[in-house]
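I have placed the structure first, in the form of structure tokens, so that the comments after it can refer back to it.
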Amino acid sequence: MDIISNEKIIKYKNNEFEAFTDKVATEFPLTIYINDTEFATLVCTPDHLEELVIGFLASEGVIRSFSDIKSMNIDDRGGFCHIETTREIPIDVFSFTKRVLGSCCGKSRQFYFQSDMEMSKVSMSKTKITPDQIISLMKTMQDTSDVFKETGGIHNASIATPNGIIVQRGDIGRHNALDKLYGYCLKNNITVHDKVIIFSGRMSSEVLTKVSKIGVGIVLSKSAPTDLALRLAEDLNITAVGFIRRGMFNIYSHSDRVVGANKEE
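The sequence shown: position 150 = 808 (my numbering), numbered continuously.
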């Protein structure tokens, strides 16, 4: 399925109207069934759907590893994904049933604090990163964000070592972009505790919670954080770096992982 749609529009420019064909990001609903029970519908960009589903189920605690999935069948025409697991899924997981998770936001704040925080991991990462590496990683992600350049309608996320990007994913939903990264790592058995996440969107509490579940200790964003996100970053031992642009950035938490940030170094 195409992830970009060509739409006829009328553009107003230089005091004139003109017919124009614009490129728009595709929005796609994917309904997930687990062991024949409807679980959730994700509204997403229709690429790397297997990674998206794996990462989403892992971040929600439905699966512990990729090996928990016995079979997966994705019907990208009908918008369905059927999962069979190798173990029985606890009944309380299905409180999610028929919940639709939109592209612009995640679940309610109440749900995050009651459930998601229980699955969050305090980072034990010993990874160090230099200012030049921070700036270079963000520039590389932005320079290679082709779908964003064409549509302006997706979020981008990458997982990397301090020396370079391993994989990059994009989606209309910022949470989906992170789940695609998580799914990629689980499917390919990539360790994450020593990695870095680069992210194009705002660092909200939901994003920090998602980063914590993935298990990464450093998150880099070109945008701003929220105050609650920073409280979580402190509590979860995550180094949050934002406003990375024009050779500058702000360190909001756990600056010890950024080489030279602490005067005693």
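All residues carry an ideal CB built from backbone N, CA and C; glycine is no exception.
Task: When 722, 729 and 733 are compared against residue 748, the one with the closest alpha-carbon - done: Residue mapping note: residue 748 aligns to position 90 of the sequence shown, counting from 1. Ranking the options by Cα distance to residue 748, first place goes to 722.
Open item on the list: Assess contact between the segment 900 to 919 and the segment 873 to 888, defined as three or more Cβ pairs (one per stretch) separated by less than 8 Å. Is contact present?
Closed with: yes
TODO: For residue 900, name the three-state secondary structure that DSSP assigns.
DONE: Taking the sequence shown and counting its residues from 1, one reaches residue 900 at position 242. Correct three-state label for residue 900: strand.
Task: Spatial distance of residue 808 from residue 745 (CA atoms) - done: The residue labelled residue 808 in the question sits at position 150 within the sequence shown. The residue labelled residue 745 in the question sits at position 87 within the sequence shown. For residue 808 and residue 745, the distance between alpha carbons rounds to 43 Å.
- [ ] Take every Cβ of the segment 681 to 689, pair it with every Cβ of the segment 700 to 711, and state whether three or more of those distances are shorter than 8 Å.
- [x] yes
TODO: Just the C-alpha distance for residue 675 and residue 666, rounded to the nearest angstrom, thanks.
DONE: Counting from one through the sequence shown, the residue named residue 675 turns up at place 17. Counting from one through the sequence shown, the residue named residue 666 turns up at place 8. Taking the straight line from one Cα to the other gives about 13 Å.
Open item on the list: So, with DSSP's three-state summary, where would you put residue 735?
Closed with: Here residue 735 refers to the residue found at position 77 when the sequence shown is read from its first residue. DSSP places residue 735 in coil when its eight states are reduced to three.
Task: Segments assigned beta strand (DSSP E), at least 3 residues, entirely inside the segment 837 to 907 - done: 854 to 857, 876 to 879 and 897 to 903
Task: residue 818 - containing alpha helix (DSSP H), residue span - done: Taking the first residue of the sequence shown as 1, we reach residue 818 at position 160. Element bounds for residue 818: not the alpha helix (DSSP H) but the beta strand (DSSP E), 813 to 819.
Open item on the list: Taking the straight line between their C-alpha atoms, what separation do you get for residue 887 and residue 677?
Closed with: Mapped onto the sequence shown, residue 887 falls at position 229. Mapped onto the sequence shown, residue 677 falls at position 19. Distance between the alpha carbons of residue 887 and residue 677 is about 43 Å.
Open item on the list: Measuring CB atoms only, is the segment 718 to 732 touching the segment 852 to 870, in the sense that at least three cross pairs come out at less than 8 Å?
Closed with: no
- [ ] Identify every run of the beta strand (DSSP E) within the segment 703 to 747, keeping only runs that are complete inside it and at least 3 residues long; order them along the chain.
- [x] 727 to 733 and 738 to 743
Open item on the list: Does the structure place the segment 887 to 897 close enough to the segment 790 to 799 that three or more beta carbon pairs sit under 8 Å?
Closed with: no
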